[in-house]
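Engineer: Can you keep this structure in mind? I'll have questions shortly.
Numbering (my numbering), first residue to last: 2 to 400.
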């Protein structure tokens with residue numbers, strides 16, 4: 002015990018002795034008035050105010066050397082103010098195209114507080130937005146300029162012949178789509194409509210060219226004149242309608258759209274005529290000759306058993322229906338909509354028979370029920386195996 006206490010007491014004694022000899026003072030020692038020649042002595046003493054320094058504040062430093070006290074330098078943290086000038090820059094999504102050409106311009110300027118665009122070279126501001134779309138409706142090449150400004154000055158960037166607009170080779174073009182009772186029935190039989198019922202034809206006319214169309218005329222080879230459109234702008238669609246009465250049997254008619262273009266600015270399409278057509282059909286049926294058409298849909302067509310399939314009847318003019326959805330020749334349902342559950346794997350023939358007084362029609366399809374052959378992923382197999390091996394290892398170690 003004594004051998005331990007002696008070094009401890011000796012260490013405490015030395016510590017107290019050193020503390021008594023050390024003096025902390027804020028007063029700098031006097032420098033010698035006349036240091037020896039050929040030498041330069043400096044004494045740097047940091048002197049702090051009694052108040053607490055603020056964050057980032059640099060304490061003043063007093064330096065005495067040969068009686069010279071320099072002025073306190075400016076803080077290195079003092080901000081440096083400089084004039085920042087704007088730099089104009091721009092971008093566009095396209096530079097070449099045919100009329101009408103839409104171009105999106107985007108400001109890429111730096112240090113700007115305001116901008117001004119001239120995108121057609123006429124010296125007049127077209128926008129002051131940072132992003133906008135401009136439509137060129139005339140062929141030609143165009144200079145694009147952007148002026149960027151801030152309180153310190155301005156800068157302008159001009160791209161000569163930046164946008165090139167041409168007349169498209171498409172020129173004049175028109176399209177017509179004809180519908181009968183809402184169906185685009187280009188081929189027979191089309192919708193089945195009872196004799197004497199209302200038939201509604203729709204004629205959708207679109208300018209698919211690059212020149213505005215005038216004197217658009219819509220006609221039907223059976224129904225005659227449908228209507229006229231004074232002007233049809235590029236990309237514009239207008240819809241006309243015609244109503245009639247269903248007649249018995251297969252009916253077909255053709256819609257026509259014709260148009261002209263007066264004179265475009267380059268005199269390329271002067272008084273040129275264009276034409277498009279689209280056929281349409283329907284079947285007019287009387288009560289004695291009403292045709293039945295079997296049809297249905299399912300929500301799914303395959304799955305892993307047990308899985309459910311919903312069957313929905315879409316037959317036309319049917320008085321009664323009969324479902325066989327497992328291919329055994331026995332009716333499974335006569336409802337317009339029902340759900341059947343497949344519990345056994347296999348490929349099943351599905352049939353729907355639709356009937357009315359004039360006959361019957363059958364539609365066939367298949368449903369596939371199969372077992373999953375998925376192999377478990379690596380973690381699914383590996384983790385249990387590794388767990389067992391780990392337990393066995395720990396038990397072995399304990400032994």
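Quick reminder that beta carbons are idealized off the backbone N, C-alpha and C, glycines included.
(1) Just to confirm, is the Cβ distance from residue 284 to residue 239 under 7 angstroms?
(2) Could you check the C-alpha separation between residue 349 and residue 360 for me, to the nearest Å?
(3) Here's a check: name, in chain order, each residue in its chain whose Cβ is nearer than 8 angstroms to the Cβ of residue 390, leaving out the five neighbours to either side.
(4) One question on the structure: do residue 177 and residue 277 come within less than 7 angstroms of each other, judged by their Cβ atoms?
(5) Thinking just about the alpha-carbon of each residue, which of 120, 130, 137 is nearest to the one in residue 98?
(6) Taking three-plus beta-carbon pairs below 8 angstroms as touching, is the segment 241-258 in contact with the segment 198-205?
(7) Return the Cβ separation of residue 261 and residue 229 in integer angstroms, given the expectation that the two are a contact with Cβ distance under 8 angstroms.
(8) Would you tell me roughly how many angstroms separate the C-alpha atoms of residue 166 and residue 116, rounded to the nearest one?
(9) Tell me whether residue 174 sits in a helix, a strand or coil according to DSSP, three-state version.
(10) Around the Cβ of residue 157, are there at least 16 other Cβ atoms within 10 angstroms (buried) or fewer (exposed)?
(11) Can you give me the Cβ contacts of residue 85 inside the same chain, cut-off strictly under 8 angstroms, excluding the 5 residues immediately before and after it?
(12) Are the beta-carbon atoms belonging to residue 107 and residue 89 less than 7 angstroms from one another?
(13) By DSSP, does residue 391 sit in helix, in strand, or in coil?
(14) Would you give the residue range spanned by the beta strand (DSSP E) that residue 245 belongs to?
(15) So the candidates are 190, 291, 336; which of them puts its Cα closest to the Cα of residue 196?
(16) Is the Cβ-Cβ distance between residue 366 and residue 351 less than 7 angstroms?
(17) For the putative contact between residue 316 and residue 294, defined by C-beta atoms under 8 angstroms, what is the C-beta separation to the nearest angstrom?
(18) Taking the straight line between their C-alpha atoms, what separation do you get for residue 279 and residue 249?
(19) Tell me the residue span of the beta strand (DSSP E) that contains residue 257.
(20) Roughly how many whole angstroms lie between the Cα atoms of residue 191 and residue 184?
(21) For the candidate residues 286, 142, 132, 172, whose alpha-carbon lies nearest to that of residue 162?
(22) What does DSSP give as the partner residue(s) for residue 199 in the beta ladder?
(23) Just list the beta strand (DSSP E) runs in the segment 94-130, keeping only unbroken ones of 3 residues or longer that don't cross its boundaries, in chain order.
(24) Is DSSP giving residue 291 helix, strand or coil here?
(25) Would you tell me roughly how many angstroms separate the C-alpha atoms of residue 103 and residue 139, rounded to the nearest one?
(26) Is residue 86 helix, strand or coil by DSSP?
(27) To the nearest angstrom, report how far apart residue 237 and residue 208 are at their CA atoms.
Structural biologist: Reading off the structure:
(1) Their beta carbons are not under 7 angstroms apart, which means residue 284 does not touch residue 239 by this criterion.
(2) 26 angstroms
(3) none
(4) yes
(5) 137
(6) A contact between stretches requires three or more CB pairs, one per stretch, nearer than 8 angstroms, and the segment 241-258 meets this requirement with the segment 198-205.
(7) Actually they do not touch by this definition, with Cβ atoms about 12 angstroms apart.
(8) 25 angstroms
(9) coil
(10) exposed
(11) 112, 151, 153
(12) no
(13) helix
(14) 238-246
(15) 291
(16) yes
(17) Confirmed, about 6 angstroms.
(18) Cα to Cα, the separation comes out at about 22 angstroms.
(19) 250-262
(20) Distance between the alpha carbons of residue 191 and residue 184: 7 angstroms.
(21) Out of 286, 142, 132, 172, 142 has the C-alpha closest to the C-alpha of residue 162.
(22) Its beta-bridge partners are 246.
(23) 97-99, 102-108, 115-119
(24) coil
(25) 12 angstroms
(26) coil
(27) 6 angstroms
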